[in-house]
Amino acid sequence: MTGRWPTVLGVGIVLATTSSFAVAAVGGPGDGARDRPEAAVALTGPSSGAAQAARDREAGASRSQQRAPRGAADPGVTVPQDATRSGEETTPVQVEAPPVLPGCDGEATGSGLNGQVPDDELCDLWDGYPPVRADAAVALARLNQAYTEQFGEALCLTDGYRSYAQQVTAKAEKPTLTATPGRSNHGWGLAVDICADSYAGERWDWLKANGPEHGWDNPSWAQAGGSGPYEPWHWEFTEAVAQID
């Protein structure tokens, strides 16, 4: 009976064994004692390291000269003549990194109306911020991951998806800075507003240089000299917004 035990400890080890195998212990990475030649002999044969060293010196050869070729049977392992070996190749275990935004698969269909996007199209962001559409959320989370590595804290947001009722309220509070209800990209879950500390200075420069790589940017109309009001805090998931326009 053949057994396979893939083990991932920096190196994958697979042994094809039978019930009559006697397998010697093998030291792992960083096991300094077992890396020494004397210990290797002690682990793989009945003789002590000192005795083996004496025999080597008497034979006038070093251990390195007597070392068995790669793939040869190790001392202390008895292999029956009728033993068979698996012809299958080992496959490394693929360990996925933790999800960039837990609970969000990044899939969106674009269904719903502006300000009436179904809940299953939206994903909550980190730290309880308002949600955005799933595909935009994952892209933004990746940008936030890079931002956090750069500045040691998450990107601060003040707004995300807005329902139609929220758009009406926002328009009443800020009539010159808010789109007509039903026409805002916030209503599609494709826009966020960032906090003041990130749309100026070093953080702003970093966002402008790295945001587009992750699909997010401050649109040209919102920049100084653009066609709309100056809104450096307003960022959009550009590719999806372009499909709406």
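Residues in the sequence shown are numbered consecutively from -3, following our numbering.
Where a beta carbon is used, it is the ideal one built from N, C-alpha and C, also for glycine.
Source: prediction; values computed, not measured.
Quick test of your reading: L151 and A133, contact by CB under 8 angstroms. State the CB separation rounded to the nearest angstrom.
As a working mapping, residue 151 is identified with position 155 in the sequence shown. As a working mapping, residue 133 is identified with position 137 in the sequence shown. Not quite, the Cβ-Cβ distance comes to about 13 angstroms (not below 8 angstroms), so this is no contact.
If contact is defined by three or more beta carbon pairs under 8 angstroms, each pair taking one atom from either stretch, is the stretch 217 to 232 in contact with the stretch 175 to 190?
Because the criterion of three Cβ pairs below 8 angstroms is met, the stretch 175 to 190 and the stretch 217 to 232 touch.
Short Cβ contact (8 angstroms threshold) for Y125 with L153
Position 129 of the sequence shown, counted from the first residue, corresponds to residue 125. Position 157 of the sequence shown, counted from the first residue, corresponds to residue 153. Their beta carbons are under 8 angstroms apart, which means Y125 touches L153 by this criterion.
What would DSSP say about E145, mapped onto helix, strand or coil?
Walking along the sequence shown from the start, residue 145 turns up at place 149. Three-state result, E145: helix.
In whole angstroms, what separates the C-alpha of L203 from that of N140?
For the purposes of this step, residue 203 is identified with residue 207 of the sequence shown, where counting begins at 1. For the purposes of this step, residue 140 is identified with residue 144 of the sequence shown, where counting begins at 1. Cα to Cα, the separation comes out at about 10 angstroms.
Taking just the CA atoms, how far does S216 sit from Y226?
Within the sequence shown, the letter at position 230 stands for residue 226. Within the sequence shown, the letter at position 220 stands for residue 216. If I take the Cα positions, the gap works out to 10 angstroms.
Looking only at its own chain, which residues have a Cβ that is under 8 angstroms from the Cβ of G99, when we skip the five neighbours before and after it?
Reading the sequence shown from its first residue, position 103 is the one you call residue 99. Result list for G99: C119 and D120, in chain order.
DSSP three-state call for V22: helix, strand or coil?
Walking along the sequence shown from the start, residue 22 turns up at place 26. Its pLDDT being 37, under 50, V22 is placed unreliably by the model, and nothing is read from it.
With DSSP run on the structure shown, which of helix, strand or coil describes A187?
The residue given as residue 187 occupies position 191 in the sequence shown. Secondary structure of A187 (DSSP, three-state): strand.
Simplified DSSP assignment, three categories, for T154:
Numbered from 1 along the sequence shown, position 158 holds the residue referred to as residue 154. DSSP places T154 in strand when its eight states are reduced to three.
Would DSSP call Y232 helix, strand or coil?
In the sequence shown, the residue the question calls residue 232 occupies position 236. Correcting the residue identity first, residue 232 is Glu in this sequence and not Tyr. In the structure shown, E232 falls within a strand segment according to DSSP collapsed to helix, strand and coil.
For L173, the three-state DSSP class (helix, strand or coil):
Translated into the one-based positions of the sequence shown, residue 173 becomes position 177. Three-state DSSP puts L173 in coil, outside helix and strand.
Tell me whether P177 is buried or exposed, calling it buried when 16 or more other Cβ atoms sit within 10 Å of its Cβ.
For the purposes of this step, residue 177 is identified with residue 181 of the sequence shown, where counting begins at 1. Buried, because 16 or more other Cβ atoms sit within 10 Å of the Cβ of P177.
At which residues does the alpha helix (DSSP H) containing D201 begin and terminate?
Reading the sequence shown from its first residue, position 205 is the one you call residue 201. Boundaries of the alpha helix (DSSP H) around D201: G197 to N206.
Going by alpha carbons, who is nearest to L173 out of A104, S223, H210 and F147?
One-based indexing of the sequence shown puts residue 173 at position 177. Considering only alpha carbons, the answer is S223.
According to DSSP, what are the bridge partners of D213?
Your numbering for residue 213 matches position 217 in the sequence shown. Paired residues: E232.
Identify whether L139 lies in helix, strand or coil by the three-state DSSP scheme.
In the sequence shown, residue 139 corresponds to position 143, counting from 1. Residue state, collapsed to three classes: helix.
Check Q297 in the structure and name its three-state DSSP category.
An answer regarding residue 297 cannot be provided, because it is not within the stretch -3 to 241 covered by the chain.
Residues near E103 by beta carbon distance below 8 angstroms, same chain, minus five either side
Position 107 of the sequence shown, counted from the start, is the residue given in the question as residue 103. Excluding five sequence positions before and after E103, the CB atoms of its chain that fall closer than 8 angstroms to its own CB belong to A130 and D131, given in chain order.
May I ask you to list the residues that DSSP assigns as paired with R129?
Here residue 129 refers to the residue found at position 133 of the sequence shown. Bridge partners of R129: L118.
Could you check if S107 is buried or exposed, using at least 16 other CB atoms within 10 Å of its CB as the buried criterion?
In the sequence shown, the residue the question calls residue 107 occupies position 111. Looking at its Cβ environment, which holds fewer than 16 other Cβ atoms inside 10 Å, S107 is exposed.
Pick from W200, G185, Q219 and A218 that is closest to S242, judged by C-alpha positions:
Because residue 242 is not part of the residues shown, which for the chain are -3 to 241, the question remains open.
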